[in-house]
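Written below as C-alpha cells is the structure these notes are about.
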Amino acid sequence: GPPRRPTPPRQPSESPQPSEDQPPPEPQRPTTGAGRGASMVEAGVSGVSIDYQRKQAKAMIEYFRAREFTEQVEKAQFFGWTKANEITNGRWVMFGFAVGLLTEYATGVDFPHQFALMGSYLGITDFFE
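As C-alpha cells, then:
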C-alpha cells in the first residue's frame, strides 16, 4: 500500500489506544476563532492526500523541465529576435548616432547630407557633381 505519514508520539497524559471493538475518538477542535486550517493542524489532520502531492510534484517537475528546455533553446539561438541580439543592435545604433553627431559637429554637415556624401564618395549616387 502507499506509505503512511509519521504520527507524533503520544503524550503520557493522552488516553490509551482504543480497543478494536470501539471506533477511534474524533479529534477535538478548538473553540477559538482560529479558522479551519489552524484547527486541522492542531488536531494532526491534513487535508492533502499523498496522491495529490505526487500529482502536484510531477506537474512541478514537468513545468521546470519545460522551463529549463526553453531557457536552453533561447541561449543556443544565435540568429533571430533574441534579447542578446537586440541589445547588441541597439548598442551599434547608439554608437552610429553618436558618430553622426560628432561628425556633424566637426564638419557642419547634417545627417541626411552625410549619407548623400557617403553615397557619392562610394560611387552609388551622384548628388554632388
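If you're matching positions, the sequence shown starts at 4 in the working numbering and goes up one per residue.
Ideal Cβ placement from N, Cα and C applies to all residues, glycine included.
Since we're looking at a predicted model, the values are computed, not measured.
Inset, instruction - Taking 7 Å as the cut-off, decide whether the C-beta atoms of Phe114 and Gly122 are in contact. - result: In the sequence shown, the residue the question calls residue 114 occupies position 111. In the sequence shown, the residue the question calls residue 122 occupies position 119. Inclusion of Phe114 and Gly122 in the CB contact set at 7 Å is not warranted, their separation being larger than that value.
Inset, instruction - Would you give the residue range spanned by the alpha helix (DSSP H) that Phe114 belongs to? - result: On the sequence shown, position 111 is the one that residue 114 refers to. In the DSSP assignment, Phe114 falls within the unbroken alpha helix (DSSP H) covering 114 to 124.
Legend entry - Element boundaries [alpha helix (DSSP H), containing Val102]: As a working note, residue 102 is residue 99 in the sequence shown. The continuous alpha helix (DSSP H) containing Val102 extends over residues 86 to 110.
Inset, instruction - Look up Ile53 in the DSSP assignment and say whether it is helix, strand or coil. - result: Along the sequence shown, one-based indexing puts residue 53 at 50. In the structure shown, Ile53 sits in a helix (DSSP, three-state: H, G or I).
Inset, instruction - Could you give the DSSP three-state label for Ile64: helix, strand or coil? - result: Indexing the sequence shown from 1 puts residue 64 at position 61. Secondary structure of Ile64 (DSSP, three-state): helix.
Inset, instruction - Starting from the Cα of Gln117, find the closest Cα among Phe82, Glu107, Phe72 and give me that residue. - result: Start at 1 with the first residue of the sequence shown, and residue 117 comes out as number 114. Selected option, being the one with the closest Cα: Glu107.
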